[in-house]
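Note that the protein sequences, when read in sequence, are chains A and B. Each residue of the first sequence is one higher than the last, beginning at 1 in the working numbering. Each residue of the second sequence is one higher than the last, beginning at 1 in the working numbering.
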Amino acid sequence: MSDRLTVDQTKAALVAAADAIIASTERLTKADQAIGDGDHGLGMARGMKAAKEALDKKPAATVGDLFKSFGMAIVSTSGGASGAVFGTLFTGAGKVLTADTLDAEGFATALAEGQKAVQARGKAEPGHKTMLDALAPAAEAARANAAAGLPAAARAAATAAGEGVERTKDMVAQFGRARTLGDRALGHPDPGAISVTIILDAFASTIEG
Amino acid sequence: MTKVQKIINDPENIVAEVIDGLVLASHGRLRKLEDAPALLRTDIEPGKVALLVGGGSGHEPMYSAYVGKGLADASVCGNIFASPPPNHIHAATVAADQGKGVLYVYGNYAGDVMNFDMAAEMAAEDGIEVRTVLVNDDVATDRPEDRRGIGGAFYIVKIAGAACAEAQSLDEAEAVVRKAQASTRTIGVALRAGSLPETGEPTFELGEGEIEIGLGVHGEPGVERSALMPADELTEKMIDRLVNDLPFGRGDRVAMLLNNLGATTQMELLIVNRKARQILADKGIEVARTDIGAYFTSQEMAGFSITLIRLDEELERLIEAPCESLPFTQR
Chain A
1 MSDRLTVDQT KAALVAAADA IIASTERLTK ADQAIGDGDH GLGMARGMKA
51 AKEALDKKPA ATVGDLFKSF GMAIVSTSGG ASGAVFGTLF TGAGKVLTAD
101 TLDAEGFATA LAEGQKAVQA RGKAEPGHKT MLDALAPAAE AARANAAAGL
151 PAAARAAATA AGEGVERTKD MVAQFGRART LGDRALGHPD PGAISVTIIL
201 DAFASTIEG
Chain B
1 MTKVQKIIND PENIVAEVID GLVLASHGRL RKLEDAPALL RTDIEPGKVA
51 LLVGGGSGHE PMYSAYVGKG LADASVCGNI FASPPPNHIH AATVAADQGK
101 GVLYVYGNYA GDVMNFDMAA EMAAEDGIEV RTVLVNDDVA TDRPEDRRGI
151 GGAFYIVKIA GAACAEAQSL DEAEAVVRKA QASTRTIGVA LRAGSLPETG
201 EPTFELGEGE IEIGLGVHGE PGVERSALMP ADELTEKMID RLVNDLPFGR
251 GDRVAMLLNN LGATTQMELL IVNRKARQIL ADKGIEVART DIGAYFTSQE
301 MAGFSITLIR LDEELERLIE APCESLPFTQ R
């Protein structure tokens, strides 16, 4: 249990998040086939592989440098909406992480900034059955639990994201390709929201050690 | 579910190998950009307004192959059914720009809009002005701002190519392409899904004997699922939906595109054409030009789309202007 991650420890957490996505490729593909065109898993896995490699290539002085390299690699290699959205999440979060350690306060602020950047780019809002329906409650939970320390804040964020995924099952999509499904998307969770949960869960598990 | 057979190598190399194939077929008129999966004309006229098109691969010949004199100056190829990333679009933008700015024409999909917008912001930092006209011709979506870009892309790209070849400014080119965008409507029908080459799995399921009107080129659901019906009945349903949407009316002059989504025969499209012309003639709509073929496909999807574009003097002149490319050349 670590209350403050060094640059190297943060790197390990990001690598764990990338590995978790790569390991979930098939699950994400299946989820996207139900309400989209089925390319979410492959796109995310492609981006996460490149993101891992980017962390090794570029030296990072701050935690934010790591997040920015990670996000830029996703934007450049994932393609599609996933690349733009998840890349923007990490680059947006990276902009406020100017220290060489990551604590609960930084984690909560980074999630909130990441959410802001994603909304500005994609013009979607919570409730539209997108990844924001996992990200927004996660950011809120991280903020509410920031005083309890990094492990607690990270776990609370992951749990809230998972609950958010469940709620997307009852939502009619207002954004992306799933939007055209109307009521037919009911009962299916949003694949992007699942990805957010996988990332945050891996991040929290690494912190918990 | 049996996997669909395709003549490919490593699925990871599909886009690169398609680009190589296009470059070789161009006999020196196209080149691949060094650090991005993008095609560029080798003979872009200096000082012209540049036209850049692009989107996910898998819809060949759209958008990648419509590069050439009188068409696009550059095309950027995403992975199968996924938008290209901003760094690739940006690299092609820089390469295509001749000092008068770059017009982007691509389909209205969330991923494409985000990635092309990011590229346009990067280009702005380099001092390159970018304007965007989205292809949004699919009448199967209720809200006009949500409308996807499908077969009508061919007419929009054709007109944009001719407009950018003669326009004095980016403003001028953008204005005429906006007019083309506002005059174009398309409706599609699918009989059987295409498949993702990476997985060999179909992008959607249709029951035995079922068809879906308005189904999108990536399998997005349409407006009406029903049993297969005779060609005449289906054509009537589709033309009615199109005509009522713009609406097209008595005295209009139009061009009509019957686009094969991949696996439909020319035989079927010619039967549809015969009925479409009867219906349009009855409504007093004059068809000034007909295009029939595979202009915008979705792998081996069986089905087709009908596009109508209302022509005025300017749009008709631009649509009839000469152009050269592997899939489409006119003198």
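We put the CB at the ideal spot given by N, CA and C, even for glycine. Source: prediction; values computed, not measured.
Nearest to L100(B) by CA position, among K48(B), T290(B), L33(B) and I213(B), is which residue?
According to the sequence displayed, residue 100(B) carries Lys and not Leu. Selected option, being the one with the closest Cα: K48(B).
Near A119(B), what residues of its chain come up, given a Cβ to Cβ distance below 7 angstroms and the 5 sequence neighbours on each side ignored?
P86, I89, H90 and T93
At least one CB of chain B closer than 8 angstroms to the CB of F175(A): is that the case?
yes
Verify the CB distance criterion: does R27(A) have a CB-CB separation below 8 angstroms to chain B?
no
Partners in chain A for L304(B), counting only beta-carbon separations shorter than 9 angstroms:
Reading off the sequence shown, one finds Phe at residue 304(B), where the question assumed Leu. Listed along chain A, no residue sits closer than 9 angstroms to F304(B) by beta-carbon distance, the nearest being about 19 angstroms off.
Determine the closest residue to A74(B) out of A163(B), D240(B), P37(B) and I80(B), with distance taken between C-alpha atoms.
P37(B)
In its own chain, which residues sit with a C-beta less than 7 angstroms from the C-beta of T168(A), not counting the 5 before and 5 after it?
K129, D133, P189, D190 and A193
Since I211(B) is in the beta strand (DSSP E), which residue starts that stretch and which ends it?
E210 to I213
Cα-Cα separation, A163(B) to L308(B)
19 angstroms
Can you list, in chain order, the residues of its chain whose CB lies under 6 angstroms from that of A160(B), leaving out five sequence neighbours each side?
Within the same chain, A160(B) has close Cβ partners L51, V105 and V177.
With a threshold of 7 angstroms on Cβ separation, who are the neighbours of S26(B) within its own chain once the five nearest residues in sequence on each side are excluded?
L326
When the Cβ atoms of the region 99-113 of chain A are set against those of the region 68-85 of chain A, are three or more pairs found closer than 8 angstroms?
no
My output table needs one value for Q266(B): the three-state DSSP class, helix, strand or coil.
helix
Can you pull out the residues from the region 4-29 of chain B whose beta carbon lies closer than 8 angstroms to at least one beta carbon of chain A?
none
Using 8 angstroms as the cut-off, can you tell me whether the region 245-263 of chain B makes contact with the region 307-323 of chain B, which would need three or more C-beta pairs spanning the two stretches below that distance?
yes
DSSP state of K237(B) mapped onto helix, strand, coil
helix
Given a cut-off of 8 angstroms, decide if A81(A) and M114(B) are closer than it, judged by their beta-carbon atoms.
yes
Where F81(B) meets chain A, residues with beta-carbon distance less than 9 angstroms:
Here the neighbours are D37, G38, D39 and G80.
Of the choices D35(B), G70(B) and I156(B), whose alpha-carbon is the least far from that of A95(B)?
Minimum Cα distance to A95(B) is reached at D35(B).
Using a Cβ-Cβ cut-off of less than 9 angstroms, give me the residues of the region 183-204 of chain B that come near chain A, in sequence order.
Residues of the region 183-204 of chain B with a C-beta atom less than 9 angstroms from some C-beta of chain A are L196, E198, T199, E201, T203 and F204, listed in chain order.
Where the alpha helix (DSSP H) containing K6(B) begins and where it ends:
No alpha helix (DSSP H) contains K6(B), which DSSP labels as neither H nor E.
Per the DSSP calculation, K11(A) is bridged to which residue(s)?
Partner residues in a beta bridge of K11(A), as assigned by DSSP, do not exist.
What does the alpha-carbon distance come out to for the pair A193(B) and T29(A)?
Taking C-alpha positions only, A193(B) is separated from T29(A) by approximately 17 angstroms.
Could you tell me which residues DSSP pairs with L39(B) in its beta bridges?
K32(B) and S75(B)
Can you name the residues of chain B whose CB is closer than 7 angstroms to the CB of L42(A)?
E198
Coil, strand or helix - R192(B) by DSSP:
strand
Going by C-alpha to C-alpha distance, which of L150(A), A156(A), V172(A) and A158(A) sits closest to S2(A)?
L150(A)
Distance, Cα to Cα, F296(B) vs A61(A)?
48 angstroms
Name the chain B residues that come within less than 8 angstroms of T77(A), Cβ to Cβ?
P85
Looking at E286(B) and S195(B), is the spacing between their C-beta atoms short of 8 angstroms?
no
Under 8 angstroms, Cβ to Cβ, is there at least one residue of chain B near R167(A)?
no
Secondary structure at I306(B), three-state DSSP: helix, strand or coil?
strand
Starting from I344(B), trace the alpha helix (DSSP H) in both directions and tell me its first and last residue.
Absent from the model: residue 344(B). The displayed extent of chain B is 1 to 331, so no value can be given.
I'd like to check one pair, G79(A) with F82(B): are the Cβ atoms closer than 8 angstroms?
Note on identity: in this sequence residue 82(B) is Ala, with Phe being the wrong assignment. A distance below 8 angstroms separates the beta carbons of A82(B) and G79(A).
Here's a check: name, in chain order, each residue in its chain whose Cβ is nearer than 8 angstroms to the Cβ of A218(A), leaving out the five neighbours to either side.
Past the edges of chain A, shown from 1 to 209, lies residue 218(A), and the structure says nothing about it.
Hey, R131(B) and E166(B): beta-carbon distance below 8 angstroms or not?
no
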